[in-house]
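Following: one structure in structure tokens, then a few remarks.
Protein chains: 2
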Amino acid sequence: MSLSNNSIERICKIFGYLDTLDKQGTKFASSLDLAKAIGATSYTVRKDISLLNIIGYTRKGYDVKTLKEELGQKLCLNKKRNACIVGLGRLGSALLDYEKFQEDGFDVVAGFDSNINKLERIRTDIDVYPVSRINEIIIRKHIELGIIAVPSEYAQNIADTLIKAGVTGILNFSYVKINLPKNIINVNLDFTNSLRFIAAKLSGNTTNK
Amino acid sequence: MSLSNNSIERICKIFGYLDTLDKQGTKFASSLDLAKAIGATSYTVRKDISLLNIIGYTRKGYDVKTLKEELGQKLCLNKKRNACIVGLGRLGSALLDYEKFQEDGFDVVAGFDSNINKLERIRTDIDVYPVSRINEIIIRKHIELGIIAVPSEYAQNIADTLIKAGVTGILNFSYVKINLPKNIINVNLDFTNSLRFIAAKLSGNTTNK
DNA sequence: TAATATTTGTGATTTTTTTCACTATAAATA
DNA sequence: TATTTATAGTGAAAAAAATCACAAATATTA
Ligand SMILES: NC(=O)c1ccc[n+]([C@@H]2O[C@H](COP(=O)([O-])OP(=O)(O)OC[C@H]3O[C@@H](n4cnc5c(N)ncnc54)[C@H](O)[C@@H]3O)[C@@H](O)[C@H]2O)c1
Ligand SMILES: NC(=O)c1ccc[n+]([C@@H]2O[C@H](COP(=O)([O-])OP(=O)(O)OC[C@H]3O[C@@H](n4cnc5c(N)ncnc54)[C@H](O)[C@@H]3O)[C@@H](O)[C@H]2O)c1
Chain C
1 MSLSNNSIER
11 ICKIFGYLDT
21 LDKQGTKFAS
31 SLDLAKAIGA
41 TSYTVRKDIS
51 LLNIIGYTRK
61 GYDVKTLKEE
71 LGQKLCLNKK
81 RNACIVGLGR
91 LGSALLDYEK
101 FQEDGFDVVA
111 GFDSNINKLE
121 RIRTDIDVYP
131 VSRINEIIIR
141 KHIELGIIAV
151 PSEYAQNIAD
161 TLIKAGVTGI
171 LNFSYVKINL
181 PKNIINVNLD
191 FTNSLRFIAA
201 KLSGNTTNK
Chain W
1001 MSLSNNSIER
1011 ICKIFGYLDT
1021 LDKQGTKFAS
1031 SLDLAKAIGA
1041 TSYTVRKDIS
1051 LLNIIGYTRK
1061 GYDVKTLKEE
1071 LGQKLCLNKK
1081 RNACIVGLGR
1091 LGSALLDYEK
1101 FQEDGFDVVA
1111 GFDSNINKLE
1121 RIRTDIDVYP
1131 VSRINEIIIR
1141 KHIELGIIAV
1151 PSEYAQNIAD
1161 TLIKAGVTGI
1171 LNFSYVKINL
1181 PKNIINVNLD
1191 FTNSLRFIAA
1201 KLSGNTTNK
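Those sequence lines, one after another, are chains C and W.
In terms of this note's numbering, the first sequence opens at residue 1 and continues consecutively.
In terms of this note's numbering, the second sequence opens at residue 1001 and continues consecutively.
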């Protein structure tokens, strides 16, 4: 099996939308329904799904529950994974209390910060620790994913620490690109770049593809 | 001029990195330096830049200050734009106090929430208002960009309200895709999808392109 | 000054991605 | 039951994107 990043991204969105549909009690969804919900075309959706050898039903579309199950299986989205958040400032503490991660199978089981006072003051159900304990806790709690919400100048260092401890996936909210071994999967979310993208498109001297 | 979304995204990242280089005092950057910093190849970077008719210097690369200025000009990233945040909960209030938006030319000039108690309790330098005043304030403060951080079920409604008031760009942090007229530019940032993407790639049964 | 090394700029090529166009199928309807 | 309609599946075509390859330019070094 071999999917492009674009296909993976689309399928992840479809997966999320199927969850919404399922909770609403919707039984079937056509490729066009799915396409609209994720901002793609129906051809692309059908191609993506058929790349995974999943089939739908003529004149009905895809069975919501089944498709979600199968997509989840093929992309390993059904398996729960443990995550931690490093940097419990404004953004990190918001993330720490975002229950949806858990609902979606990403269990945030630890938070880390370098500021001991902050650790004492923080109110949350999730265990929080000083950064000095990253290695120990990641191993003990089998943490696979690291979410980085420290000031950008420390992001690379924290990433290195996380990886040394065994984390294999990193979601980085700082605005620096971190350099990682290529077996580590990494996504950078820089909100400023999203605003820039919007501003650039608004300026209009670009295609709209 | 006509740039693909991919090119725009890369250029936005380059723009941000040039800012970092400039602050460090770095004078020149080669296409390879830029490529590494944004996770692309040097060819692609050179193509992107030359699509904008910007030229570099043989054996030196690009002049950091000049390139930043020119990219900013071509993509309208130098112009300041006013933004507002709707939904001042955990995420929204973190965003409200994120100074970097302002440094990068995005002035967050208003926050809105439906909860009056929250508005009274919130501590921030930015003016906050009840949602009933969205229309009035957006017009009065010339707000072009709306950042949506309300619970997902209200996101579409808030988007409609923002657009009616004149906002033309939307950054949506909720997990629903909002439907918008096509002259409105919109980016959805769903963190769960980023984690899913990482999980899917970790599972390994995908290409690494 | 000559030789060398580095880096841009870009047309050509290759690869990837998307879209099209059409068949097959089965549900709904007459 | 026959007809119509909606929708999946998919090879082929088209479009888009990325990469290559190399000439041109100029800084550096010998
Ligand atoms: N606040 C936002 O809304 C927002 C928006 C976009 C991006 N970000 C990015 O997220 C990151 C955090 O931003 P923030 O606004 O939450 O900052 P913040 O200053 O509120 O919080 C940073 C936290 O990291 C901790 N910290 C500092 N160094 C550390 C280290 N070496 N190890 C562990 N913890 C450490 C601090 O004690 C603090 O609690 C930054 O990289 C920022 O660019 C934040
Ligand atoms: N907390 C996070 O870290 C996080 C992470 C990813 C995505 N999100 C998304 O961001 C959004 C906000 O999440 P949150 O955790 O900050 O939620 P929250 O419950 O802490 O805050 C939501 C805020 O929106 C306000 N609100 C509710 N309805 C409103 C309306 N109609 N108009 C204006 N304001 C309204 C509430 O009063 C509250 O202050 C959600 O869509 C969530 O999915 C949050």
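Cβ atoms here follow ideal geometry from the backbone N, Cα and C, with glycine treated the same way.
The structure presented is a predicted model; accordingly, all values stated were derived computationally and were not measured.
Self-check item: Segment limits, beta strand (DSSP E) that includes residue 1084/W
Solution: In the second sequence, the residue the question calls residue 1084/W occupies position 84. Per DSSP, residue 1084/W belongs to the beta strand (DSSP E) from 1081-1086.
Quiz item: Among 61/C, 70/C, 79/C and 50/C, which residue has its Cα nearest to the Cα of residue 26/C?
Solution: Along the first sequence, read from residue 1 onward, the residue named residue 26/C stands at position 26. The shortest Cα separation from residue 26/C among 61/C, 70/C, 79/C and 50/C belongs to 61/C.
Self-check item: Simplified DSSP assignment, three categories, for residue 1112/W
Solution: Here residue 1112/W refers to the residue found at position 112 of the second sequence. Of the three classes helix, strand and coil, the one that applies to residue 1112/W here is strand, per DSSP.
Quiz item: Cα-Cα, which of 162/C, 11/C and 182/C is closest to residue 77/C?
Solution: The residue you call residue 77/C lines up with position 77 of the first sequence. For the residues 162/C, 11/C and 182/C, the minimum Cα distance to residue 77/C belongs to 11/C.
Quiz item: Counting contacts by CB-CB distance shorter than 8 Å, is residue 69/C in contact with chain W?
Solution: For this step, residue 69/C is matched to residue 69 along the first sequence. So, not an interface residue.
Quiz item: What do you reckon, are the CB atoms on residue 1071/W and residue 1014/W nearer than 8 Å?
Solution: The residue you call residue 1071/W lines up with position 71 of the second sequence. The residue you call residue 1014/W lines up with position 14 of the second sequence. The answer is yes: Cβ separation under 8 Å.
Quiz item: Straight-line CA distance for residue 1163/W to residue 1146/W?
Solution: As a working note, residue 1163/W is residue 163 in the second sequence. As a working note, residue 1146/W is residue 146 in the second sequence. Using only the alpha carbons, I get a separation of about 9 Å.
Quiz item: How many Å lie between residue 159/C and residue 1140/W at the Cα?
Solution: For the purposes of this step, residue 159/C is taken as residue 159 along the first sequence, with counting starting at 1. For the purposes of this step, residue 1140/W is taken as residue 140 along the second sequence, with counting starting at 1. Each residue's alpha carbon lies about 44 Å from the other.
Practice problem: State yes or no: is the C-beta of residue 94/C within less than 8 Å of the C-beta of residue 1083/W? | Solution: In the first sequence, counting from the first residue as 1, residue 94/C sits at position 94. In the second sequence, counting from the first residue as 1, residue 1083/W sits at position 83. At the C-beta level, residue 94/C and residue 1083/W stay beyond 8 Å of one another.
Exercise. Consult DSSP for residue 16/C and reduce its assignment to one of helix, strand or coil.
Key: Here residue 16/C corresponds to residue number 16 of the first sequence, with the count starting at 1. Correct three-state label for residue 16/C: helix.
Self-check item: Status (buried if at least 16 other CB within 10 Å, exposed otherwise) for residue 1144/W
Solution: One-based indexing of the second sequence puts residue 1144/W at position 144. Classification for residue 1144/W: buried.
Quiz item: Taking the C-alpha atoms as reference points, what is the distance between residue 68/C and residue 105/C?
Solution: As a working note, residue 68/C is residue 68 in the first sequence. As a working note, residue 105/C is residue 105 in the first sequence. Distance between the alpha carbons of residue 68/C and residue 105/C: 14 Å.
Exercise. Quick one: using the 10 Å Cβ neighbour count with 16 as the cut-off for buried, is residue 168/C buried or exposed?
Key: Taking the first sequence and counting its residues from 1, one reaches residue 168/C at position 168. The residue is buried, with at least 16 neighbouring Cβ atoms inside 10 Å.
Exercise. Take residue 1042/W and list the residues in its own chain whose beta-carbon comes closer than 6 Å to its own, dropping the five residues that flank it on each side.
Key: The residue given as residue 1042/W occupies position 42 in the second sequence. Once the five neighbours on either side are set aside, the close Cβ partners of residue 1042/W are 1031, 1032 and 1035.
Self-check item: Under the three-state DSSP convention, the category residue 128/C falls into
Solution: Counted from its first residue, the first sequence places residue 128/C at position 128. Strand, per DSSP.
Self-check item: CB contact check: residue 106/C to chain W, cutoff 8 Å
Solution: Taking the first sequence and counting its residues from 1, the one referred to as residue 106/C is at position 106. Chain W contact via Cβ: present.
Quiz item: Three-state secondary structure (DSSP) at residue 136/C?
Solution: As a first step, residue 136/C is located in the first sequence; it is residue number 136 there, counting from the start. Helix at residue 136/C.
Self-check item: Sheet register partners of residue 1145/W (DSSP bridge)
Solution: The residue you call residue 1145/W lines up with position 145 of the second sequence. Per DSSP, 1083/W and 1169/W.
Practice problem: Kindly say whether residue 1127/W, judged by its beta-carbon, lies nearer than 8 Å to any beta-carbon of chain C. | Solution: The count along the second sequence starts at 1 and reaches residue 1127/W at position 127. Cβ-Cβ to chain C under 8 Å: no for residue 1127/W.
Quiz item: Where in the segment 1054-1106 of chain W do unbroken runs of the beta strand (DSSP E), each at least 3 residues long, occur, reported from the N-terminal end onward?
Solution: 1081-1086
Quiz item: When you compare only the Cα positions, how much space is there between residue 1130/W and residue 1116/W?
Solution: Locating residue 1130/W in the second sequence gives position 130, counting from the first residue. Locating residue 1116/W in the second sequence gives position 116, counting from the first residue. Residue 1130/W and residue 1116/W: Cα-Cα distance of roughly 7 Å.
Quiz item: How many Å lie between residue 1047/W and residue 1179/W at the Cα?
Solution: Locating residue 1047/W in the second sequence gives position 47, where the first residue counts as 1. Locating residue 1179/W in the second sequence gives position 179, where the first residue counts as 1. Residue 1047/W and residue 1179/W: Cα-Cα distance of roughly 33 Å.
Quiz item: Should residue 160/C be counted as a contact of ligand 3 given a C-beta to heavy atom distance under 7 Å?
Solution: Ligand 3 is absent from the structure shown, which contains only ligand 1 and ligand 2.
Quiz item: For residue 1111/W versus residue 1134/W, is the C-beta distance shorter than 8 Å?
Solution: As a working mapping, residue 1111/W is identified with position 111 in the second sequence. As a working mapping, residue 1134/W is identified with position 134 in the second sequence. Result no, Cβ atoms of residue 1111/W and residue 1134/W do not sit closer than 8 Å.
Self-check item: Close Cβ partners of residue 1220/W (< 8 Å) along its chain, the five nearest in sequence each way excluded
Solution: In this structure chain W extends from 1001 to 1209, so residue 1220/W is not present and cannot be described.
Quiz item: Is any heavy atom in ligand 1 found nearer than 7 Å to the beta carbon of residue 155/C?
Solution: As a first step, residue 155/C must be located in the first sequence, where it is residue number 155. Yes - ligand 1 has a heavy atom lying nearer than 7 Å to the Cβ of residue 155/C.
Exercise. Could you tell me if residue 57/C is buried or exposed, where buried requires 16 or more neighbouring beta carbons within 10 angstroms of its beta carbon?
Key: Within the first sequence, the letter at position 57 stands for residue 57/C. Result: exposed.
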